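Participant: First residue of the sequence shown? That's 4 in our numbering, and the numbers climb one at a time after it.
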Amino acid sequence: MYTKFYGLTKKPFSLIPDPSFLYLSAKHKKALTTLQYGLVSQAGFTVITGEIGSGKTTLVRSLLEKIQAQCEVGLITNTHSAFGDLLTWVLAAFNIESTASNKAERYRAFVDFITEKSNSGTRVVLIVDEAQNMDIQTLEELRLLSNINTTQEIMLQLVLVGQPELVDKLNQPELVQFSQRISIEYHLNPLSYEETEKYIDFRLKVAGSTEKIFHPSACAALFYYSGGVPRLINNLGDLALVFAFAADKKKINWKVIVDVVSERTTGGIKRFEGKICLSPNIIERAAEAEKLRRALLEATGVDISKSL
4 MYTKFYGLTK KPFSLIPDPS FLYLSAKHKK ALTTLQYGLV SQAGFTVITG
54 EIGSGKTTLV RSLLEKIQAQ CEVGLITNTH SAFGDLLTWV LAAFNIESTA
104 SNKAERYRAF VDFITEKSNS GTRVVLIVDE AQNMDIQTLE ELRLLSNINT
154 TQEIMLQLVL VGQPELVDKL NQPELVQFSQ RISIEYHLNP LSYEETEKYI
204 DFRLKVAGST EKIFHPSACA ALFYYSGGVP RLINNLGDLA LVFAFAADKK
254 KINWKVIVDV VSERTTGGIK RFEGKICLSP NIIERAAEAE KLRRALLEAT
304 GVDISKSL
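(1) Give me the residue from Leu-242, Arg-234 and Glu-100 with the minimum Cα distance to Phe-24.
(2) Could you spell out the range, first to last residue, of the beta strand (DSSP E) harbouring Thr-189?
(3) How would you write the range of the beta strand (DSSP E) that Val-128 sits in, first residue to last?
(4) Which residues does DSSP pair with Gln-140 in a beta bridge?
(5) Of all the options Thr-82, Tyr-40, Val-261 and Gln-45, which has the alpha carbon lying nearest to the alpha carbon of Thr-141?
(6) Would you kindly work out how many angstroms separate the C-alpha atoms of Pro-176 and Ala-247, rounded to a whole number?
(7) Output the residue ranges of the alpha helix (DSSP H) runs that lie fully inside the segment 156-185 and measure 4 residues or longer, sorted by chain position.
(8) Contact between the segment 248-266 and the segment 33-50: three or more CB pairs below 8 Å?
(9) Could you have a look at Val-232 and say whether DSSP puts it in helix, strand or coil?
(10) Can you tell me which of Asp-115, Val-93 and Val-128 puts its alpha carbon nearest to the alpha carbon of Val-43?
(11) If you follow the alpha helix (DSSP H) that Phe-48 is part of, which residue opens it and which one closes it?
(12) Compare the C-alpha of Ile-225 against each of Gly-211, Asp-171, Val-305 and Leu-173 and name the closest.
(13) Run the CB neighbour count on Met-137, radius 10 Å, all protein chains shown included, and call it buried at 16 or more, exposed below.
(14) At the level of alpha carbons, what is the spacing between Ser-282 and Glu-68?
(15) Taking the runs of the beta strand (DSSP E) that are 3 residues or longer, which of them lie wholly in the segment 56-107?
(16) Tell me the residue span of the alpha helix (DSSP H) that contains Leu-42.
(17) Should the segment 154-171 be called in touch with the segment 47-55, which here means at least 3 C-beta pairs below 8 Å?
(18) List the residues that DSSP assigns as beta-bridge partners of Phe-246.
(19) Beta carbon of Ser-186, beta carbon of Leu-173: below 7 Å?
(20) Give the straight-line distance between the Cα atoms of Thr-153 and Thr-102, rounded to the nearest whole angstrom.
(21) I think Ala-29 touches Leu-62, with their Cβ atoms under 8 Å apart; what is that distance to the nearest whole Å?
(22) For Gly-53, which residues from the same chain have a beta carbon less than 6 Å from its beta carbon, with the 5 sequence-adjacent residues on both sides left out?
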């Protein structure tokens, strides 16, 4: 729709996963290094948390690309409250074919698989995404799986990825034995303003842009309203291009971002409630614009009064 107008070859802020758009901020690189260290140091349990849309799935994909050649990796992504039998999902994650008809037989099939891989010198890693959706009983069953490991050898390594609620759940008294086995833990924070600006520029360049479409004031407003969460940056950035295209604008400034945000009533846009929504009244609009100017200056150091 707008790609030709801006000289782009594809949409820069599409939510559809595309490896060419992989951007690892300093925080993501640190988290990835932490994950890799956990695997190399044979940590039994590694826990990575972050808010919705912070890039946890991107992190998991990056990890898989780096370790699949050296490890046997199983990935469970569809956890939910009615998860069912854990071992059934574990066997499926590793593509283990089994005629087991009960839990004991499924456990035996998994132990045989682990033992075979260990004897051949292959490490086995089970990654559970959205692990906060698991109930306490299932998490305890996951801990019991780690009893396969011995004091001399870690045969099964577990990586749990989830939202911050996962930590709250793991801190419950019923899971004290689980939490004591966690060797590596990292929380993925949102992007800073500087990282947000680099993220926006990177995605535009990958999409074919040769010009700076987003003015610094637009990047500042995107950071302010998204809270530095990549998924929200993508949502707002995509709509900003649509709005600017409709208005025949080649450059996007903070006013376009405010227009986009003022139209949003859903989607988890942070810091918008009770904030700026430019009034048609010129006096009210001036007061609101000054309020936003001060907020963005404090949050990012960018003075929108000097923008386009």
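We put the CB at the ideal spot given by N, CA and C, even for glycine. What you are looking at is a predicted structure, and each value in this text was computed from that prediction instead of being measured.
Facilitator: Taking the definition as stated:
(1) In the sequence shown, the residue the question calls residue 24 occupies position 21. Of the candidates Leu-242, Arg-234 and Glu-100, the one whose C-alpha sits nearest the C-alpha of Phe-24 is Arg-234.
(2) By one-based count along the sequence shown, residue 189 stands at place 186. Per the sequence presented here, residue 189 reads as Tyr, with Thr not at that position. Where Tyr-189 is concerned, the enclosing beta strand (DSSP E) stretches over 185-191.
(3) In the sequence shown, counting from the first residue as 1, residue 128 sits at position 125. Taken as a continuous stretch (DSSP letters only), the beta strand (DSSP E) holding Val-128 covers 126-131.
(4) Translated into the one-based positions of the sequence shown, residue 140 becomes position 137. Paired residues: none, contrary to the question.
(5) Your numbering for residue 141 matches position 138 in the sequence shown. Closest option to Thr-141, judged by alpha-carbon separation, among Thr-82, Tyr-40, Val-261 and Gln-45: Thr-82.
(6) Working through the sequence shown from its first residue, we reach residue 176 at position 173. Working through the sequence shown from its first residue, we reach residue 247 at position 244. Taking the straight line joining both Cα atoms gives about 53 Å.
(7) You should have 168-173 and 179-183.
(8) No contact exists between the segment 248-266 and the segment 33-50.
(9) Counting from 1 along the sequence shown, the entry for residue 232 is found at position 229. Coil.
(10) Locating residue 43 in the sequence shown gives position 40, counting from the first residue. Of the candidates Asp-115, Val-93 and Val-128, the one whose C-alpha sits nearest the C-alpha of Val-43 is Val-128.
(11) As a position in the sequence shown, residue 48 is number 45, starting the count at 1. Premise fails: Phe-48 lies in the beta strand (DSSP E), 48-53, not in any alpha helix (DSSP H).
(12) Taking the sequence shown and counting its residues from 1, the one referred to as residue 225 is at position 222. Per the sequence shown, the amino acid found at residue 225 is Leu instead of Ile. Relative to Leu-225, the option among Gly-211, Asp-171, Val-305 and Leu-173 whose CA is nearest is Val-305.
(13) Looking up residue 137 in the sequence shown gives position 134. Buried, since its Cβ has 16 or more Cβ neighbours within 10 Å.
(14) Residue numbering aside, residue 282 sits at position 279 when the sequence shown is read from its first letter. Residue numbering aside, residue 68 sits at position 65 when the sequence shown is read from its first letter. For Ser-282, the predicted structure reports a pLDDT of 46, less than 50, and the residue's modelled location is therefore unreliable. The matter cannot be settled from this model.
(15) At a cut-off of 3 residues, the continuous stretches assigned as beta strand (DSSP E) that sit fully inside the segment 56-107 are 74-79.
(16) For the purposes of this step, residue 42 is taken as the residue at position 39 of the sequence shown. If you look at Leu-42, you'll find it in the alpha helix (DSSP H) that goes 29-43.
(17) The segment 154-171 is in contact with the segment 47-55.
(18) One-based indexing of the sequence shown puts residue 246 at position 243. For Phe-246, which the question treats as bridged, DSSP gives no partner whatsoever.
(19) Here the question's residue 186 lines up with position 183 in the sequence shown. Here the question's residue 173 lines up with position 170 in the sequence shown. No. Outside cutoff.
(20) For the purposes of this step, residue 153 is identified with residue 150 of the sequence shown, where counting begins at 1. For the purposes of this step, residue 102 is identified with residue 99 of the sequence shown, where counting begins at 1. So the two alpha carbons sit approximately 27 Å from each other.
(21) As a position in the sequence shown, residue 29 is number 26, starting the count at 1. As a position in the sequence shown, residue 62 is number 59, starting the count at 1. Between Ala-29 and Leu-62 a beta carbon distance of about 13 Å is seen, past the 8 Å cut, so the two are scored as non-contacting.
(22) Translated into positions along the sequence shown, residue 53 becomes position 50. For Gly-53, where only same-chain residues beyond five positions count, the Cβ hits under 6 Å are Lys-59 and Leu-191.
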